[in-house]
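Below: the structure, in structure tokens.
Protein chains in written order, with our numbering: chain A, 1 to 353; chain P, 354 to 622.
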């Protein structure tokens with residue numbers, strides 16, 4: 001277990017203050033924050049590359065706050081990968097093994113094994129400047145895994161990758177995680193968090209605002225910042241079904257007996273359907289509109305938000321709608337009232353697992 | 354190349370004026386050197402090359418400058434790394450001190466070094482006791498050459514290290530390498546082009562040094578001093594072949610070092 005207690009770090013223009021969180025063994029912890037929130041500095045502080053002013057870092061109960069970098073057990077992958085441009089892929093992956101004075105024959109075997117696991121065998125003779133973004137990211141992961149770190153620290157590993165490479169990288173990260181590795185991944189992209197995390201945290205202005213399972217943090221943000229940052233109220237777990245026929249990406253997503261229409265080119269399988277509350281419309285009768293998703297339900301709760309009013313409707317799954325106070329008065333919305341919720345297929349975004 | 358020619362061909366008048374200025378500057382640089390080489394018939398050059406005094410002085414100049422460069426680089430390259438990576442009190446003053454030899458008149462630099470390494474000084478006296486004679490010896494020549502040429506190496510290496518993104522070094526530390534290993538396997542290789550450029554500049558600057566060397570160690574005689582001596586004693590006709598020969602030898606060495614040190618540019622492969 002990785003435990004960070006009241007960490008205070010200052011490095012360049014960034015500072016972190018009173019950062020505390022816990023990452024359970026084998027967890028995939030995604031730390032969400034905007035650019036400049038101090039995410040990279042936090043990873044460097046954990047790895048011993050940025051000086052800690054106050055606080056403690058505990059790994060499996062041992063205080064490693066002031067431990068030497070090589071004894072910390074963290075494998076760090078930078079956003080730009082920082083592959084050594086003057087070394088081949090093979091020598092990049094082997095760098096940490098040579099640094100630890102592993103015998104050459106063992107280094108060769110270990111590099112081959114890692115290259116197999118990360119799909120980089122064909123790249124071993126090449127130089128980093130010739131690799132695509134996805135290939136470079138795989139090599140960076142292989143290099144970080146070579147020293148068998150107890151915890152992987154990933155800085156925006158999916159940014160700057162095209163859609164295809166992102167999909168492959170997600171699959172690789174899941175495979176590494178399934179192998180039992182604890183992962184701490186920082187990003188500004190909530191979709192990354194939802195598709196990978198078993199735990200998430202939200203960081204703002206150098207401090208952690210909220211941590212918890214992704215569903216809980218996204219559905220019940222504890223502060224306005226978290227709410228604004230995660231932005232999504234409706235996160236529905238279910239399964240994408242194969243469309244009956246090709247209808248320009250229209251597909252059915254099934255959850256708790258309800259079928260939702262969505263537009264996606266993702267393959268069928270389990271995942272999440274995301275709908276922003278401002279895209280959901282409420283009406284007293286079934287609406288005659290182009291919206292493909294219409295469900296009857298009962299208002300469970302009406303909660304004032306910073307801007308507007310959030311109305312939670314139980315339609316078999318809970319669906320939140322953001323409306324104006326004027327609309328609440330005009331239609332006479334109240335708890336227990338039967339209403340119809342509707343939203344367009346294009347407003348429902350599917351994220352596969 | 355074609356696009357550059359086209360650019361100039363279709364250029365505005367101001368560019369043509371600037372190009373004309375550039376031509377004048379190049380002519381100013383090339384004409385005296387070309388005149389010197391063309392003014393020395395091959396037979397005279399061959400005769401000069403056969404002169405043991407000339408051969409010895411050219412060899413002495415080449416090896417003392419090379420030795421001074423290599424010896425000082427052992428300390429200067431790590432120092433350049435420190436200047437590029439760390440901040441410390443009075444760093445601005447330290448940088449100014451490094452540039453000092455560039456602005457000090459070289460005869461004055463020679464006087465300063467002579468005072469420092471003469472047998473009456475602490476350093477010079479200690480060196481004499483272990484058999485190193487600065488004044489009138491190769492160590493003195495090396496000290497004078499190093500003094501005036503060191504800024505070129507330190508500044509080039511410092512700029513080279515500063516241009517290496519720190520993340521590469523942090524990544525290497527994270528992989529378990531010691532700081533010394535990171536320096537040797539990441540920082541130096543990535544700054545290598547600038548370091549090499551600094552080494553060549555320092556070596557070339559040492560080769561051409563006259564003022565400081567003449568004060569500290571007139572003998573054994575290095576080529577710039579020999580050229581001056583022949584000019585003073587016998588005139589231009591006798592100094593010019595030595596100068597032309599020395600220029601040719603330096604150019605050949607310069608090209609050979611550049612060719613030997615050429616490394617594949619991985620950033621563009």
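Glycine included, every Cβ here is placed at the ideal spot set by N, Cα and C. Note that the structure is predicted; figures quoted are calculated from it, not measured.
From residue i to residue j, what does the alpha carbon distance come to, in whole angstroms?
i: residue 241 (chain A); j: residue 283 (chain A); result: 28 Å
i: residue 523 (chain P); j: residue 63 (chain A); result: 22 Å
i: residue 384 (chain P); j: residue 377 (chain P); result: 10 Å
i: residue 354 (chain P); j: residue 195 (chain A); result: The predicted position of residue 354 (chain P) is uncertain, since its pLDDT is 44 and thus under 50; a value taken from the coordinates is nonetheless stated next. Computed Cα separation, rounded: 51 Å.
i: residue 517 (chain P); j: residue 307 (chain A); result: 48 Å
i: residue 366 (chain P); j: residue 507 (chain P); result: 41 Å
i: residue 274 (chain A); j: residue 121 (chain A); result: 37 Å
i: residue 443 (chain P); j: residue 573 (chain P); result: 40 Å
i: residue 552 (chain P); j: residue 349 (chain A); result: 60 Å
i: residue 390 (chain P); j: residue 580 (chain P); result: 14 Å
i: residue 355 (chain A); j: residue 218 (chain A); result: For residue 355 (chain A) there is no data in the structure shown, the boundaries of chain A being 1 and 353.
i: residue 50 (chain A); j: residue 9 (chain A); result: 7 Å
i: residue 169 (chain A); j: residue 81 (chain A); result: 14 Å
i: residue 14 (chain A); j: residue 173 (chain A); result: 28 Å
i: residue 66 (chain A); j: residue 3 (chain A); result: 14 Å
i: residue 405 (chain P); j: residue 412 (chain P); result: 10 Å
i: residue 200 (chain A); j: residue 352 (chain A); result: 18 Å
i: residue 323 (chain A); j: residue 311 (chain A); result: 7 Å
i: residue 190 (chain A); j: residue 72 (chain A); result: 29 Å
i: residue 589 (chain P); j: residue 490 (chain P); result: 28 Å
i: residue 465 (chain P); j: residue 394 (chain P); result: 40 Å
i: residue 341 (chain A); j: residue 301 (chain A); result: 14 Å
i: residue 620 (chain P); j: residue 270 (chain A); result: Note on residue 620 (chain P): pLDDT 48, under 50, position unreliable in the model; no value is reported.
i: residue 45 (chain A); j: residue 53 (chain A); result: 10 Å
So which residues of chain P does residue i contact, with C-beta pairs closer than 8 Å?
i: residue 73 (chain A); result: Here the premise fails: no neighbours, minimum Cβ distance about 10 Å.
i: residue 147 (chain A); result: 528 and 529
i: residue 44 (chain A); result: 523
Report yes or no: is there a C-beta of chain A within less than 7 Å of the C-beta of residue i?
i: residue 511 (chain P); result: no
i: residue 305 (chain P); result: Here chain P covers residues 354 to 622 and nothing more, so residue 305 (chain P) does not appear.
i: residue 524 (chain P); result: yes
i: residue 620 (chain P); result: For residue 620 (chain P), the pLDDT reaches just 48, beneath the cut-off of 50, and the residue's location in the model is therefore unreliable, although a value from the coordinates is still provided. Yes, contact with chain A.
i: residue 504 (chain P); result: no
i: residue 542 (chain P); result: yes
i: residue 355 (chain P); result: Its pLDDT being 49, under 50, residue 355 (chain P) is placed unreliably in this model, and the value from its coordinates should be taken loosely. No, because no Cβ of chain A sits closer than 7 Å to the Cβ of residue 355 (chain P).
i: residue 572 (chain P); result: no
So what's residue i in DSSP terms, helix, strand or just coil?
i: residue 433 (chain P); result: helix
i: residue 378 (chain P); result: helix
i: residue 280 (chain A); result: coil
i: residue 137 (chain A); result: helix
i: residue 239 (chain A); result: strand
i: residue 529 (chain P); result: coil
i: residue 392 (chain P); result: coil
i: residue 481 (chain P); result: helix
i: residue 342 (chain A); result: strand
i: residue 501 (chain P); result: helix
i: residue 251 (chain A); result: strand
i: residue 593 (chain P); result: helix
i: residue 544 (chain P); result: coil
i: residue 126 (chain A); result: coil
i: residue 563 (chain P); result: coil
i: residue 584 (chain P); result: helix
i: residue 333 (chain A); result: coil
i: residue 466 (chain P); result: helix
Answer with yes or no whether the minimum CB distance from residue i to chain P is below 7 Å.
i: residue 76 (chain A); result: yes
i: residue 69 (chain A); result: yes
i: residue 28 (chain A); result: no
i: residue 312 (chain A); result: no
i: residue 96 (chain A); result: yes
Please list the partners that residue i has in chain P, where partner means a Cβ-to-Cβ separation under 7 Å.
i: residue 350 (chain A); result: Within chain P, no residue comes near residue 350 (chain A); the closest Cβ sits about 36 Å away, beyond 7 Å.
i: residue 99 (chain A); result: 528, 529, 530 and 534
Whose Cβ in chain A lies nearer than 7 Å to the Cβ of residue i?
i: residue 521 (chain P); result: 82 and 84
i: residue 539 (chain P); result: 84
Mind pulling the chain P residues with CB within less than 9 Å of residue i?
i: residue 47 (chain A); result: 523, 526 and 527
i: residue 215 (chain A); result: Those do not exist, as residue 215 (chain A) stays about 33 Å from chain P at its closest Cβ, beyond 9 Å.
i: residue 354 (chain A); result: No answer is possible for residue 354 (chain A): the residues shown for chain A start at 1 and end at 353.
Can you check whether the C-beta of residue i is within less than 7 Å of a C-beta belonging to chain D?
i: residue 38 (chain A); result: The question asks about chain D, but that chain is absent: this structure's protein chains are A and P.
Which runs of the alpha helix (DSSP H), 4 residues or longer, sit entirely within the stretch 7 to 58 of chain A?
-> 39 to 47
If you scan the stretch 56 to 121 of chain A from start to end, which runs of the beta strand (DSSP E) of 3 or more residues do you find wholly inside it?
-> 74 to 77
Could you tell me which uninterrupted beta strand (DSSP E) segments, each at least 3 residues in length, are contained entirely in the stretch 253 to 327 of chain A, listed from first to last along the chain?
-> 258 to 263, 269 to 275, 281 to 283, 293 to 304, 309 to 314 and 318 to 323
Write down every uninterrupted run of the alpha helix (DSSP H) in the stretch 186 to 233 of chain A whose length is 4 residues or greater and which is fully enclosed by it, in chain order.
-> 190 to 196, 214 to 219 and 224 to 230
Quick one: which unbroken alpha helix (DSSP H) runs of 4-plus residues sit fully inside the stretch 154 to 181 of chain A? Chain order, please.
-> 163 to 178
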